[in-house]
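Since the structure comes first, as structure tokens, the remarks are kept for the end.
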Amino acid sequence: MNDLLQAFFNLNVILTYLPDLWKGLVVTVELSVLVVITGFAIGIGLALLRTLENRVINTFIVLYADILRALPPLMLIVVGFFGLPYLGLKPSGFGTAWTVLAMVLSAFTEELVFAGINALPKGQSEAARASGLTRWQVLIYVVLPQAIRLVIAPLTSRTIATVKNTSLASVVAVPDLLAEASAALGYSSNASPLFAAALGYLLILFPLVIFSRRLESRLRWTH
Amino acid sequence: MENFLFQFLNVEIAKTVLPQLLIGLKTTLILSFIVVPLGVLGGIVISVLQDLRIRPLNMLLVTYIDFFRAFPPLVLLIFIYYGLPFLGFETSSMQAVVLALVFNTSAYFAEVVRAGIESVPRGQVEAARATGLGTAQTMRWVVLPQAVRNVLPDLMSNVLESIKLTSIASVVTMPELLRMARVAQGNMFNTTPLILAALMYLALLWPLVRLITTIERRSLKARG
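These protein sequence lines map, in sequence, to chains A and B.
Per full-length UniProt numbering, the first sequence starts with residue 1, numbered consecutively.
Per full-length UniProt numbering, the second sequence starts with residue 1, numbered consecutively.
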């Protein structure tokens with residue numbers, strides 16, 4: 001028992017590395033916020049674009065969404081970070097992780113929101129058009145809010161997965177919470193920093209998980 | 001353009017590294033065939049236990065699910081692989097990966113299967129019980145088959161995510177597809193191995209993505 005305390009809950013070790021861990025936590029939160037905002041914006045934009053039913057544009061959107069949903073995000077981050085320098089581009093680890101995770105989130109968001117738009121009864125937009133709203137006004141004020149409501153539960157799950165995936169950035173030298181904890185583990189030969197980092201992730205993610213649980217029970221489909 | 005082709009789509013290099021990548025692909029497949037069934041099985045066990053409606057047990061199971069849904073799998077993997085040895089639990093990279101991924105995916109599968117079980121009307125259970133089936137038989141032959149059908153798209157999404165997740169095994173130097181590609185890329189000073197690995201992932205997972213999209217659309221239409 002004492003060994004367990006020494007190895008995992010060593011307060012002295014945690015306190016020593018707390019400033020580093022805090023910096024890591026801030027990076028993780030920054031990255032998460034940036035990724036979620038840009039990912040949603042691009043994804044919703046693409047879903048709206050897709051409703052124009054332009055054959056060429058839609059082929060590209062479907063291809064984009066399919067590829068980004070099929071490939072492991074870690075693979076994409078590695079390709080961006082280690083591959084692009086051969087072309088003379090030198091993306092930062094943070095920039096790579098942000099771009100890749102936002103693109104992946106946008107692919108899932110596009111699919112979900114577009115499916116939501118399609119699932120709405122046609123009468124909704126016809127009625128809105130008849131009331132004098134323009135095509136775009138109908139999309140933004142009538143269709144989109146309902147479509148997002150329809151897919152809010154899977155969208156929240158995807159957000160949780162995205163925030164968890166920010167830990168992949170540690171692989172390309174981003175000093176996020178996991179990277180700081182791993183470094184501290186190396187310096188101190190003690191697992192306590194990793195344990196503290198785990199608590200940090202739970203702190204960020206638990207509210208989201210609870211929120212998604214409440215959403216699901218509120219929107220549970222009835223038979 | 002020429003530089004791009006040389007660095008990213010170099011046929012010579014692709015030929016050289018193909019055998020290595022195929023070994024990596026094999027490891028990825030083996031890992032997937034271990035993790036996915038164990039995850040599904042774990043998920044079914046958890047959700048069937050939840051259906052017993054024993055309060056303290058349910059609280060424990062919900063905590064398990066929420067905990068592993070909130071815990072980044074890479075952090076879990078590093079915790080198991082680099083942290084547990086401090087307690088005297090040495091794990092091989094394979095053991096660490098399987099443990100981390102099964103903890104993670106079983107929580108996700110449990111959520112999906114539970115939603116499925118709850119989507120089966122209670123009357124079905126009562127009717128099945130009235131015909132003389134036992135509780136376990138009712139679950140096995142009446143509830144679960146319908147539950148699985150009702151949440152098929154979510155189940156398949158989870159399978160897709162689980163297979164993609166095996167790529168984090170590369171971080172603990174397990175020789176799966178991404179790791180082999182990364183090593184080959186380092187040896188060759190060329191990105192082609194990574195692109196080739198991406199194509200292998202696509203060949204493996206794209207059909208699944210298409211299938212999920214099709215079924216999802218159908219079930220959302222039915223609901224909406």
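Each residue gets a CB set at the ideal place from its N, CA and C atoms; glycine is no exception.
Through-space distance from B/A184 to B/V17, alpha-carbon basis: 7 Å
Between B/N190 and chain A, is any beta-carbon pair separated by less than 9 Å? yes
Just the C-alpha distance for B/L41 and B/R114, rounded to the nearest angstrom, thanks. 13 Å
Can you name the start and end residues of the alpha helix (DSSP H) that A/Y17 belongs to? L11 to R50
Nearest by alpha-carbon distance to A/L120: which of A/I148, A/L52 and A/L194 is it? A/I148
Roughly how many angstroms separate the alpha carbons of B/L21 and B/R179, rounded to a whole number? 9 Å
When you check each C-beta in the segment 53–80 of chain A against every C-beta of chain B, which residues fall closer than 9 Å? V62, A65, D66, I67, R69, A70, L71, P72, P73, L74, M75, L76, V78 and V79
Local Cβ density within 10 Å of B/T135, reported as buried at 16 or more and exposed below that: exposed
How should B/Q50 be labelled, buried or exposed, when 16 other C-beta atoms within 10 angstroms of its C-beta is the threshold for buried? buried
Suppose you measure from the CA of A/L200 to the CA of B/L202; what does that come to, to the nearest Å? According to the sequence displayed, residue 200 of chain A carries Gly and not Leu. Cα-Cα distance, rounded: 34 Å.
Would DSSP call A/K90 helix, strand or coil? coil
Would you mind reading off the limits of the alpha helix (DSSP H) that contains B/M180? L177 to M188
Residues of the segment 150–161 of chain B with Cβ closer than 7 Å to any Cβ of chain A, in chain order: none
Could you tell me whether the Cβ atoms of A/T166 and A/L101 are closer together than 9 Å? yes
Of all the CB atoms in chain A, is at least one closer than 9 Å to the CB of B/E216? yes
Proximity to A/F8 [Cα-Cα], best of A/S212, A/F195 and A/L203: A/F195
Quick one: measure Cβ to Cβ for B/P193 and B/I23, integer angstroms, because I've assumed they're closer than 8 Å. About 12 Å; that fails the 8 Å criterion.
Under 7 Å Cβ-Cβ, which residues of chain A neighbour B/I168? L74
Relative to the alpha-carbon of A/K23, which residue among A/L84, A/E180, A/I210 and A/A127 has its alpha-carbon at the smallest distance? A/E180
On the three-state DSSP scale, how would you describe B/A107? helix
Chain A contact residues for B/A198, given Cβ-Cβ distances below 7 Å: L71, M75 and V79
Coil, strand or helix - B/R53 by DSSP: coil
A/D176, DSSP secondary structure in three states: coil
As an exercise, report each continuous alpha helix (DSSP H) stretch of at least 4 residues that is fully enclosed by the segment 5–73 of chain B, in chain order. 11–51 and 55–70
Uninterrupted alpha helix (DSSP H) stretches inside the segment 47–84 of chain A (no shorter than 4 residues): 55–70 and 73–78
My output table needs one value for B/V120: the three-state DSSP class, helix, strand or coil. coil
Selection from A/A47, A/I67, A/W98 and A/L76 that minimises the alpha carbon distance to A/V174: A/W98
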